[in-house]
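Chains as they are written, first to last, in this note's numbering: chain A, 302 to 566; chain B, 878 to 1054.
For every residue, glycine included, the Cβ atom is placed at its ideal position computed from N, Cα and C.
Note that the structure is a prediction, hence the values are computed from the model and not measured.
A short write-up of the structure that comes next.
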């Protein structure tokens, strides 16, 4: 009765007494709990080992291969694959591939290792490049590509860009200043074929015709100058003669029947 | 009296008449009589051409004659024959040119033409001969025969007065394409 009264009288003292009991119980049970944990871990490890051993056993068995083959041949597998491809899985995988830079990492790994070299060696050994080229040539891809390039504006743009670039100017300057050009010109002038070519060009009808036209044009020009000068001299001489003989200036005869037809019939 | 001209000529004449009625008289090119300097230059060109041919022929003939062993007395005969040939060649040159197209090569260069004064047609051969004679006559009295060209309204010299000709400007002939 006295203790109950004490508890009622002092709740703080009761709480401290309870916590002390809990600590004592915990300390007493700790070895048991540790033993149980150790046992649990050992059991889990044993279960894992058994599971792995079972999986190895299953995978190494001939039945597993048969099961996989049958599964792969089954309509169920086809449906599953079709479903997967039709669904959002492909997009999700693609996004993840991009997000985690899978391709870059794979390419990096390939480039760092010898795998790429070995692949290229095998491709070369299998004569793949020649077969690809043969196939492209046989299919007319080259002709189509060439026609497309020649017809399209890309080639023109590329040439314009190249010609307008400072590098092209430098290159032309270096070529002109180099001894290579002098040597080429010297050899060209020494070659017999050049003079044969020049002779052929000089004797070609087109060139002779052009020279004739040019010469006639020049002669016409000279004759025109002489004609204009002689007409002026006519007028001047006539005025001088008339002035000297005190004759009136010459009158223009407007239009006479006798001289209307100036060209012969 | 039946019209004996070809059908094409008659049709062309009728078309000309109709065209004249519709459009009126076609504008005639203004006649430009040519003066002394222009004609002189044309004559110089002709003289150079005539003499060039004559010299070439004479040189060839002299080469041939030199290869032959001819007597010296024959030289005078050859020179006389050559002189006559030269005169003949010169006369033929001018007479043929004036009577065929009205233009010598020199005239062609200077774009002038010798035509009949009365109708503008080319000269007949006898008129061309007369003109050539007149040309020589004009030159004889210290070229005084050419003086009327400076004073005449139609710029006619003695040779033109004798042959009834005038010298006019010729339109430019068609060029080759």
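Strand pairing of residue i, partner residues [DSSP]
i, result
"residue 1046(B)", "989(B)"
"residue 910(B)", "1045(B)"
Test item: CB-CB of residue i and residue j under 9 angstroms
i, j, result
"residue 955(B)", "residue 942(B)", "yes"
"residue 1014(B)", "residue 1039(B)", "yes"
"residue 968(B)", "residue 1007(B)", "no"
"residue 542(A)", "residue 964(B)", "no"
"residue 910(B)", "residue 1032(B)", "yes"
"residue 1043(B)", "residue 993(B)", "yes"
"residue 971(B)", "residue 923(B)", "yes"
"residue 907(B)", "residue 989(B)", "no"
"residue 443(A)", "residue 451(A)", "no"
"residue 912(B)", "residue 536(A)", "yes"
"residue 985(B)", "residue 925(B)", "no"
"residue 930(B)", "residue 975(B)", "no"
"residue 936(B)", "residue 959(B)", "no"
"residue 1011(B)", "residue 1045(B)", "no"
"residue 402(A)", "residue 410(A)", "no"
8 angstroms contact criterion, which residue i and residue j should meet: CB distance rounded
i, j, result
"residue 378(A)", "residue 372(A)", "6 angstroms"
"residue 981(B)", "residue 919(B)", "7 angstroms"
"residue 570(A)", "residue 987(B)", "Since the first residue shown for chain A is 302 and the last is 566, residue 570(A) is missing from the structure and cannot be characterised."
"residue 983(B)", "residue 991(B)", "Actually they do not touch by this definition, with Cβ atoms about 11 angstroms apart."
"residue 473(A)", "residue 482(A)", "Not really, about 10 angstroms apart at Cβ, beyond 8 angstroms."
"residue 489(A)", "residue 495(A)", "6 angstroms"
"residue 551(A)", "residue 1030(B)", "6 angstroms"
"residue 529(A)", "residue 914(B)", "Not quite, the Cβ-Cβ distance comes to about 12 angstroms (not below 8 angstroms), so this is no contact."
"residue 390(A)", "residue 398(A)", "Not quite, the Cβ-Cβ distance comes to about 12 angstroms (not below 8 angstroms), so this is no contact."
"residue 1022(B)", "residue 1034(B)", "6 angstroms"
"residue 359(A)", "residue 352(A)", "Their Cβ separation, rounded to whole angstroms, is 10 angstroms, which puts residue 359(A) and residue 352(A) out of contact at 8 angstroms."
Near the ligand ADP: residue i beta-carbon under 8 angstroms from a heavy atom
i, result
"residue 374(A)", "No copy of the ligand ADP occurs in the structure displayed, which carries no ligand at all."
Interface partners of residue i on chain C, CB under 7 angstroms
i, result
"residue 465(A)", "Of the chains in the structure shown, none is chain C; the protein chains are A and B."
Margin query: At a CB distance below 8 angstroms, what residues from the region 523-534 of chain A approach chain B? Give them in sequence order.
Written below: 524, 527, 528, 531, 532 and 534
Notebook entry, point to check: Name the residues in the region 1011-1033 of chain B whose C-beta lies less than 9 angstroms from a C-beta of chain A; which are they?
Noted result: 1024, 1026, 1027, 1028, 1029, 1030, 1031 and 1032
Next item on the list: Check distances from the C-beta atoms of the region 982-996 of chain B to those of chain A and list, in chain order, the residues that come in under 7 angstroms.
Entry: 986, 987, 988, 990, 992, 994, 995 and 996
Next item on the list: At 3 residues or longer, and completely inside the region 374-419 of chain A: list those beta strand (DSSP E) runs for me, N to C.
Entry: none
Checklist line | Members of the region 536-550 of chain A near chain B, C-beta cut-off 8 angstroms | finding: 536, 538, 539, 542, 543, 546 and 548
Next item on the list: Using a Cβ-Cβ cut-off of less than 9 angstroms, give me the residues of the region 1036-1049 of chain B that come near chain A, in sequence order.
Entry: 1043, 1045, 1046, 1047 and 1048
Item checked: Residues in the region 498-511 of chain A having any Cβ partner in chain B nearer than 7 angstroms -> none
Next item on the list: Pick out the complete alpha helix (DSSP H) segments inside the region 904-969 of chain B, 4 residues or longer, and give them in chain order.
Entry: 913-944
Check: If you measure beta-carbon to beta-carbon, which residues of the region 448-463 of chain A are closer than 9 angstroms to chain B?
Finding: none
Check: Which runs of the alpha helix (DSSP H) fall wholly inside the region 339-377 of chain A and span at least 4 residues, in chain order?
Finding: 363-374
Checklist line | 4 or more residues per run - each alpha helix (DSSP H) lying fully within the region 444-495 of chain A | finding: 454-465, 467-478 and 480-491
Check: Which residues, in order along the region 918-947 of chain B, keep a beta-carbon less than 8 angstroms from a beta-carbon of chain A?
Finding: 918
Checklist line | Cβ-based contacts, 8 angstroms cut-off: residues of the region 481-494 of chain A near chain B | finding: none
Next item on the list: Could you list the residues in the region 950-966 of chain B with a C-beta less than 7 angstroms from some C-beta on chain A, going in chain order?
Entry: none
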